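Residue numbers (the working numbering), protein chains in the order written: chain A, 264 to 422; chain B, -17 to 107. Glycine residues also receive a C-beta, built at the ideal position from the N, C-alpha and C atoms. The model shown is predicted, which means the values in this text are computed figures rather than measured ones. Step one of this worksheet: look at the structure below.
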């Protein structure tokens, strides 16, 4: 089961380095398209962690679990966050989970954030609509953990 | 009047522009992430001003050498399209995105942009 965990004090320049590292590592295991999706999700989640981290530190963990003729890819970021940011994240996830159509929600977020001047507000909606990864939020003791997961099957195998 | 677009050259992101007749081209290269968001915003803002001043009928945005674009830089294009949709029909122009099929994120992100502004956006692979 290939996996890696990086702990670091992120800055915006490092996020792109991690994305390239992720793509280099996983292209041996995943299709080019899925590698691109995992790289995009890693980038957006890490930028999110940079934005919401209260102590400048964050951790990213990525693993592939082989399951018969398929595999599960899981990306998880973890960071400390202030109570205010925890509230913002809970609200963002509640809205995301209530939206049943990822593409319609993405388009709605694009319309809503078009005039926004700070940040994009699009990262989570983009991951879900453009990659198909499902996401979950866990908060415990001021620590935020966001997971993005996708299950794939080998071509020709039964779903 | 030639296009007035000072080239943008940062370590990881570059932008340049040219024009020919009623077509203007914005060429983006490198990586568009949070560390260069201000440069991407500048590139889009200047291109919008120039497209209006030159009264072009189409702007081509060449992304074929753009490795990646994060969501905050992507939003610069959403804002551009949103503002364009609010203009009177006679002041609108089309935006044609030139993409690299081997960069899979481009297909997915540009498809979202084309859904956002169906009548204004075309994608060329």
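Is residue i helix, strand or coil when you go by DSSP?
{"i": "residue 14 of chain B", "result": "strand"}
{"i": "residue 331 of chain A", "result": "coil"}
{"i": "residue 409 of chain A", "result": "strand"}
{"i": "residue 375 of chain A", "result": "helix"}
{"i": "residue 421 of chain A", "result": "Caution is warranted here: a pLDDT of 49 is assigned to residue 421 of chain A, below 50, making its placement in the model unreliable, and no coordinate value can be reported."}
{"i": "residue 342 of chain A", "result": "strand"}
{"i": "residue 401 of chain A", "result": "strand"}
{"i": "residue 301 of chain A", "result": "helix"}
{"i": "residue 347 of chain A", "result": "helix"}
Across which residues does DSSP place residue i in a beta bridge pair?
{"i": "residue 0 of chain B", "result": "B/7"}
{"i": "residue -9 of chain B", "result": "B/-4"}
{"i": "residue 363 of chain A", "result": "Residue 363 of chain A is not bridged to any residue."}
{"i": "residue 69 of chain B", "result": "Bridge partners of residue 69 of chain B: none, in fact."}
{"i": "residue 44 of chain B", "result": "B/9, B/80"}
{"i": "residue 356 of chain A", "result": "Residue 356 of chain A pairs with nothing; no bridge assigned."}
{"i": "residue 414 of chain A", "result": "A/335"}
At a cut-off of 7 angstroms, would you count residue i as near the ligand PLP, judging by its Cβ distance to the nearest heavy atom?
{"i": "residue 86 of chain B", "result": "In the structure shown, the ligand PLP is absent, as is every other ligand, since no ligand is present at all."}
By the 10 Å Cβ neighbour count, where 16 or more other Cβ atoms means buried, how is residue i classified, buried or exposed?
{"i": "residue 34 of chain B", "result": "exposed"}
{"i": "residue 71 of chain B", "result": "exposed"}
{"i": "residue 20 of chain B", "result": "exposed"}
{"i": "residue 307 of chain A", "result": "buried"}
{"i": "residue 91 of chain B", "result": "buried"}
If you measure from the beta carbon of residue i to each beta carbon in chain D, is any gap under 8 angstroms?
{"i": "residue 56 of chain B", "result": "Given the protein chain composition of this structure (A and B), no chain D is represented."}
Taking 8 angstroms as the threshold, find out whether the region 402 to 412 of chain A comes into contact with the region 357 to 373 of chain A through three or more Cβ pairs. Too few Cβ pairs lie closer than 8 angstroms, so no.
Do the region 307 to 324 of chain A and the region 340 to 351 of chain A make contact, defined as three or more Cβ pairs closer than 8 angstroms? They touch, by the three-pair rule.
Inspect the CB distances between the region 389 to 409 of chain A and the region -4 to 6 of chain B and report whether three or more fall short of 8 angstroms. Contact fails: fewer than three Cβ-Cβ distances are below 8 angstroms.
Along the region 9 to 34 of chain B, where does the CB come closer than 7 angstroms to a CB of chain A? Name the residues. So the close ones are 13, 15, 16, 17.
For the pair the region 274 to 287 of chain A and the region 21 to 35 of chain B, tell me if three or more CB-CB distances fall below 8 angstroms. Cβ pair count under 8 angstroms is below three, so no.
Three or more beta-carbon pairs under 8 angstroms between the region 351 to 371 of chain A and the region -17 to -5 of chain B, yes or no? Judged by Cβ distances under 8 angstroms, the region 351 to 371 of chain A makes no contact with the region -17 to -5 of chain B, as fewer than three pairs qualify.
Which residues of the region 72 to 101 of chain B have a Cβ closer than 8 angstroms to any Cβ of chain A? Give them in chain order. Listed in sequence order: 84, 85, 86, 87, 90, 91, 94, 97, 98.
Chain-ordered residues of the region 288 to 306 of chain A with a beta carbon less than 7 angstroms from chain B: Here the close residues are 295, 296, 299, 303, 306.
Give the residues from the region 389 to 419 of chain A that approach chain B closer than 8 angstroms (Cβ to any Cβ), ordered along the chain. Flagged, chain order: 389, 392, 393, 394.
Counting beta carbon pairs with one atom in the region 60 to 68 of chain B and one in the region 332 to 342 of chain A, are three or more of them shorter than 8 angstroms? Contact between the region 332 to 342 of chain A and the region 60 to 68 of chain B is absent, because fewer than three Cβ pairs lie under 8 angstroms.
Three or more C-beta pairs closer than 8 angstroms, one from the region 36 to 48 of chain B and one from the region 322 to 338 of chain A: is that the case here? Contact between the region 36 to 48 of chain B and the region 322 to 338 of chain A is absent, because fewer than three Cβ pairs lie under 8 angstroms.
Give the residues from the region 309 to 331 of chain A that approach chain B closer than 7 angstroms (Cβ to any Cβ), ordered along the chain. Cβ contacts with chain B: 310.
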